[in-house]
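Enquirer: Going down the list, the protein sequences come from chains A and B.
Counting in our numbering, the first sequence runs from 1395 upward without gaps.
Counting in our numbering, the second sequence runs from 102 upward without gaps.
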Amino acid sequence: MTSPVLEVRSLDTTLHTPDGRTLHVLHGIDLSIDAGECLGVVGESGSGKSVLARTVLGVHPRATRATATGQVLLNGEDLLTAAPRRRAELLGTGVAMVHQDPMTSLNPVVRIADQVTESLTNRRRMRRRERLRTAAELLAAVDVPDPARRARAYPHELSGGLRQRVGIAAALAGSPALLLADEPTTALDVTVQRTVLDLLDRHRGTRGLATLLITHDIGLLYGRARRIAVMYGGRIVETGPTEAVTEAPAHPYTAALLRSVPRVTGPLRRVLPAVAGSPPDLSRPAVGCPFAPRCERAEAVCSTEAPPLHRAGDGHTAACHFPLTLPIGPASASVSKAQETV
Amino acid sequence: MTPAHAPARTAAAPARTTAPTALAPVLRTAGRVAGRAGRAAAVLLLVTVSALALPHLMPGSPALAALGPTATPEQVTAYEAKLGLDDNVLVAAWRWLGDALHGDLGHSLSTGAAVTTELADRIPVTLELFVAAQLVALGLALPVALYSAWRPGGAVDRIATAGAFVWLAVPGFVLGLVLIWLAAVQLRILPATGWTPFTEDPFENLRHLVLPALTLGLTEAAVFARTLRGQLIDTLDQTYVAAARSRGMGTVRLLLRRALRPSSLPLVTLVGIGIGMSLGGSVLVESLFAVPGVGTLAATAIAGRDFPVVQAVVVVSAVGVVAATVAVDLLYRTVDPRIADERR
Chain A
1395 MTSPVLEVRS
1405 LDTTLHTPDG
1415 RTLHVLHGID
1425 LSIDAGECLG
1435 VVGESGSGKS
1445 VLARTVLGVH
1455 PRATRATATG
1465 QVLLNGEDLL
1475 TAAPRRRAEL
1485 LGTGVAMVHQ
1495 DPMTSLNPVV
1505 RIADQVTESL
1515 TNRRRMRRRE
1525 RLRTAAELLA
1535 AVDVPDPARR
1545 ARAYPHELSG
1555 GLRQRVGIAA
1565 ALAGSPALLL
1575 ADEPTTALDV
1585 TVQRTVLDLL
1595 DRHRGTRGLA
1605 TLLITHDIGL
1615 LYGRARRIAV
1625 MYGGRIVETG
1635 PTEAVTEAPA
1645 HPYTAALLRS
1655 VPRVTGPLRR
1665 VLPAVAGSPP
1675 DLSRPAVGCP
1685 FAPRCERAEA
1695 VCSTEAPPLH
1705 RAGDGHTAAC
1715 HFPLTLPIGP
1725 ASASVSKAQE
1735 TV
Chain B
102 MTPAHAPART
112 AAAPARTTAP
122 TALAPVLRTA
132 GRVAGRAGRA
142 AAVLLLVTVS
152 ALALPHLMPG
162 SPALAALGPT
172 ATPEQVTAYE
182 AKLGLDDNVL
192 VAAWRWLGDA
202 LHGDLGHSLS
212 TGAAVTTELA
222 DRIPVTLELF
232 VAAQLVALGL
242 ALPVALYSAW
252 RPGGAVDRIA
262 TAGAFVWLAV
272 PGFVLGLVLI
282 WLAAVQLRIL
292 PATGWTPFTE
302 DPFENLRHLV
312 LPALTLGLTE
322 AAVFARTLRG
332 QLIDTLDQTY
342 VAAARSRGMG
352 TVRLLLRRAL
362 RPSSLPLVTL
372 VGIGIGMSLG
382 GSVLVESLFA
392 VPGVGTLAAT
402 AIAGRDFPVV
412 QAVVVVSAVG
422 VVAATVAVDL
432 LYRTVDPRIA
442 DERR
């Protein structure tokens, strides 16, 4: 078996916000992504999925200071302990990010060509003519019509869908091994969403790009992500092959998420069940299962003891005291988390 | 509004009705420039009329004030005719404008010299001083603002912030006096006052330029640095800056190539206003250092009730302000391409 492009081991991230709060955002995250594979990370707002991407990238909002422990291995190289210079080198060329909102993630006063080619021009000077030509090629690769003209344009002259293609072109420019896509279609029209996701799939296939696709919409991952990791309260509460997780969820939270997905085949005017309650307060230390206060199956033990890892199937695990599926193999509690990387 | 505005509308019209062709942006720009020119002309007309109304608005007769209490009525009438005070203000303004367009701004009452010659001598001096002051201000403000914004709350930022407030509280002429005391009296390295034209002796010219330029520039530097720092901090919090960082862009490039431009609109405005204002001359600083610029000319003319000179200075300053405003407006469009597409 080939070694994964990205391997995250027992990652804990703590954020120090400008207003002086300390948030323990990520708890013991384990995951791995092979070349050409897409891992879907799903969870609601505040579940820590964006912080996960930012920690892997090592770029946080400027006012926020982050400390991370554990390991983030990119092709075996630990990014958390790498020298700053080396990390900067890998940005864009080793790992790249597609941002959520293409309206705010492009500089309004810089031409498209100059932004798309940033990963390249940061390392090597490029003449204007060369930048325009390279940008046009990169834009053509993400199906931007009339790429030579768009390369000269400013972001405000482009539609939202086109801008997100520009964002993808900019991410792909440095030929990264790993692509972090943080809700890449949330800000887009539904009709545009599909084409953008298809585009990401295509490049994943042709370039063997490992992709971490973050979304709050679990339905978007069908047929795209081979595996899913469900995040809640800064933890991966369930992970496994997409079919297994969506057809037979073991964690009550995953089940609740799936119930909230609208279905074309269901009865009309059905009220979609929302997941009751609100996500946990990250500034308080977490005891027991983070989902316990909102869980309909919760019992006393859930709020006092950390849930054991339950093996629901081949490569399918859930951290829950009272999972919805029957366990397979040896007793779940004996499997240590470290061996059970996603 | 004014007849001058009408051609602007007709010029802009085809740009709006035709399909986007290669010519459309050119027509749009032309229409915009024409519109600006129309508004500028209206402003200048208003300023001219007001300037020419000045002697009329003075209490008592300016002729009496000039000739003294012993003047005979005949002398007063003759003097008023010479000033053009016997006419209606609008007639006077019309005549003044007509003469101005022929390059005649009248003659100084005190020296008898042509006002145009006087201005031609002094405008370059004031402009040179202004440019030097801006270089001082920007040269100081840019690095301080960039560094402060990159590390807000850091040592440089805290010192700069405290310094800027003290600086802003000190009036320019006090700063000038301190500089004179330090450089001219104590260290004896620079002349305290006076002027040597650049064409006569470039080195002496620069030596005379240093102190007044520092006095004007240092005060402005504080304003520039505060403004730019605030804007930069906002810009650096934008997602697109994080996006550029995530593509591996280094700090220096990020600040200079990505953050500075979207942060510089207020600074462009400040410099633009400064250009216009400086033509009227920084009266205090020019007087303090005895720089023969427009400011000292205005000060002497006002004190001596030399109306033709005062009027000319007022109108020339207005021309400067209007020209600077138009220039700033056009510069906005280059700095931020969104503005060009938003308006019209």
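Note that beta-carbon positions come from the ideal geometry of N, C-alpha and C, so glycine has one too.
May I have the straight-line CA-CA distance separating T1609 (chain A) from V1450 (chain A), to the nearest angstrom?
Expert: Distance between the alpha carbons of T1609 (chain A) and V1450 (chain A) is about 16 angstroms.
Enquirer: How would you label G1486 (chain A), buried or exposed, when you count the other beta carbons within 10 angstroms and need 16 or more for buried?
Expert: G1486 (chain A) is buried by the Cβ-count criterion.
Enquirer: Do you know how far the Cα of T352 (chain B) is from the Cα of G87 (chain B)?
Expert: The shown model of chain B, from 102 to 445, leaves out residue 87 (chain B), and the question about it has no answer.
Enquirer: Is the Cβ-Cβ distance between T1633 (chain A) and A1623 (chain A) less than 8 angstroms?
Expert: A contact, by the Cβ cut-off of 8 angstroms.
Enquirer: Below 7 angstroms CB to CB, which residues in the same chain sit around P1717 (chain A) once its five sequence neighbours on both sides are set aside?
Expert: Around P1717 (chain A): A1644, H1645, H1704, A1706.
Enquirer: What does DSSP give as the partner residues of T1416 (chain A) in its beta bridges?
Expert: DSSP lists A:H1410 as partners of T1416 (chain A).
Enquirer: State yes or no: is the C-beta of F390 (chain B) within less than 8 angstroms of the C-beta of P313 (chain B)?
Expert: Their beta carbons are under 8 angstroms apart, which means F390 (chain B) touches P313 (chain B) by this criterion.
Enquirer: Would a check of beta-carbon distances place N1469 (chain A) closer than 8 angstroms to chain B?
Expert: Not one chain B Cβ lies under 8 angstroms of N1469 (chain A).
Enquirer: Check each candidate in B:V386, B:L355, B:A143, B:T426 and name the one with the smallest Cα separation from G277 (chain B).
Expert: The shortest C-alpha separation from G277 (chain B) is found at B:V386.
Enquirer: Which whole-angstrom value describes the C-beta separation of S1426 (chain A) and L1468 (chain A), a residue pair presumed to lie in contact below a C-beta threshold of 8 angstroms?
Expert: The Cβ separation is near 11 angstroms, so there is no contact.
Enquirer: Does R1521 (chain A) come within less than 8 angstroms of chain B when only Cβ atoms are used?
Expert: No, its Cβ sits nowhere closer than 8 angstroms to a Cβ of chain B.
Enquirer: Could you tell me which residues DSSP pairs with L1615 (chain A) in its beta bridges?
Expert: L1615 (chain A) pairs with nothing; no bridge assigned.
Enquirer: Spell out whether any CB of chain B is found under 8 angstroms from the CB atom of Q1733 (chain A).
Expert: Any answer about Q1733 (chain A) is weak, because its pLDDT of 44 lies below 50 and its placement is not dependable; what the coordinates show is given next. It does not: the Cβ of Q1733 (chain A) has no partner Cβ on chain B nearer than 8 angstroms.
Enquirer: When every heavy atom of the ligand NAP is checked, does at least one fall within less than 7 angstroms of the C-beta of R1479 (chain A)?
Expert: The ligand NAP is not part of the structure shown, which contains no ligands of any sort.
Enquirer: Candidates B:T300, B:F304, B:V275, B:R308: which alpha carbon is nearest R289 (chain B)'s?
Expert: Considering only alpha carbons, the answer is B:R308.
Enquirer: Just how far apart, CA to CA, sit R1527 (chain A) and D302 (chain B)?
Expert: About 51 angstroms.
Enquirer: Note down, in chain order, each residue of its chain lying with its Cβ closer than 6 angstroms to the Cβ of R434 (chain B), except the 5 sequence neighbours on either side.
Expert: I440, A441.
Enquirer: Assuming S1677 (chain A) contacts T1416 (chain A) under a Cβ cut-off of 8 angstroms, what Cβ separation, rounded to an integer in Å, is found between them?
Expert: Going by Cβ atoms, the distance from S1677 (chain A) to T1416 (chain A) rounds to 7 angstroms, so yes, they are a contact pair.
Enquirer: Pairing CB atoms from the segment 237-249 of chain B with CB atoms from the segment 312-328 of chain B, are three or more of them under 8 angstroms?
Expert: These segments touch.
Enquirer: Can you give me the Cβ contacts of E1512 (chain A) inside the same chain, cut-off strictly under 8 angstroms, excluding the 5 residues immediately before and after it?
Expert: Same-chain partners within the cutoff: G1486, A1564, A1567.
Enquirer: Among A:P1496, A:L1615, A:S1404, which one has its Cα closest to the Cα of T1463 (chain A)?
Expert: Nearest of A:P1496, A:L1615, A:S1404 to T1463 (chain A), Cα basis: A:S1404.
Enquirer: Does chain B have any CB closer than 8 angstroms to the CB of Y1548 (chain A)?
Expert: So, interface residue.
Enquirer: What residue from B:L361, B:R362, B:V267 has the CA that sits closest to T320 (chain B)'s CA?
Expert: Of B:L361, B:R362, B:V267, the residue nearest in Cα terms is B:V267.
Enquirer: At 9 angstroms on the CB atoms, spell out the chain B contacts of G1554 (chain A), in chain order.
Expert: Under the 9 angstroms cutoff, chain B gives no residues; its nearest Cβ is about 14 angstroms from G1554 (chain A).
Enquirer: May I have the straight-line CA-CA distance separating D1413 (chain A) from G1627 (chain A), to the nearest angstrom?
Expert: Each residue's Cα considered, the two are about 21 angstroms apart.
Enquirer: What did DSSP end up calling A114 (chain B) once you bin it into helix, strand or coil?
Expert: Its pLDDT being 42, under 50, A114 (chain B) is placed unreliably by the model, and the measurement read from it follows with that caveat. A114 (chain B) falls in the helix class under three-state DSSP.
Enquirer: Looking at chain B, is there any beta carbon in it that lies within less than 8 angstroms of the beta carbon of S1513 (chain A)?
Expert: Yes - at least one Cβ of chain B is within 8 angstroms of the one on S1513 (chain A).
Enquirer: The beta strand (DSSP E) that contains Q1465 (chain A), what's its start and end?
Expert: First-last of the beta strand (DSSP E) with Q1465 (chain A): 1459-1468.
Enquirer: Pull out every residue of the segment 338-352 of chain B whose Cβ sits closer than 8 angstroms to any Cβ of chain A, in chain order.
Expert: Listed by position along the chain: D338, Q339, T340, Y341, V342, A343, A344, A345, R346, S347, R348, G349, M350, G351.
Enquirer: Applying the 10 Å Cβ sphere with the 16-neighbour rule, what's the burial state of V1651 (chain A)?
Expert: Note that residue 1651 (chain A) is Leu in the sequence shown here, rather than Val. Buried: at least 16 other Cβ atoms inside 10 Å.
Enquirer: Compute the distance between the beta-carbons of T1579 (chain A) and L1593 (chain A), then report whether it is under 8 angstroms.
Expert: Result no, Cβ atoms of T1579 (chain A) and L1593 (chain A) do not sit closer than 8 angstroms.
Enquirer: Taking only beta-carbon positions, decide if R445 (chain B) is within less than 8 angstroms of chain A.
Expert: Note that R445 (chain B) scores a pLDDT of 42, beneath 50, so its modelled location is shaky; the value from the coordinates is reported in the next line. Cβ-Cβ to chain A under 8 angstroms: no for R445 (chain B).
Enquirer: Apart from the five residues on each side of it in sequence, which residues of its chain come closer than 6 angstroms, Cβ to Cβ, to Y1647 (chain A)?
Expert: If we look at Y1647 (chain A) and ignore the five residues flanking it on each side, its Cβ neighbours are Y1626, V1631, F1685.
Enquirer: Where does Y1616 (chain A) land, buried or exposed, given buried means 16+ other C-beta within 10 angstroms?
Expert: The residue is exposed, with fewer than 16 neighbouring Cβ atoms inside 10 Å.
Enquirer: Between the beta-carbon of A1619 (chain A) and the beta-carbon of L1433 (chain A), is there less than 8 angstroms?
Expert: Yes.
Enquirer: Closest to Q339 (chain B) by CA distance: which of B:L317, B:A360, B:L329 is it?
Expert: If we check each option's Cα against that of Q339 (chain B), B:A360 comes out closest.
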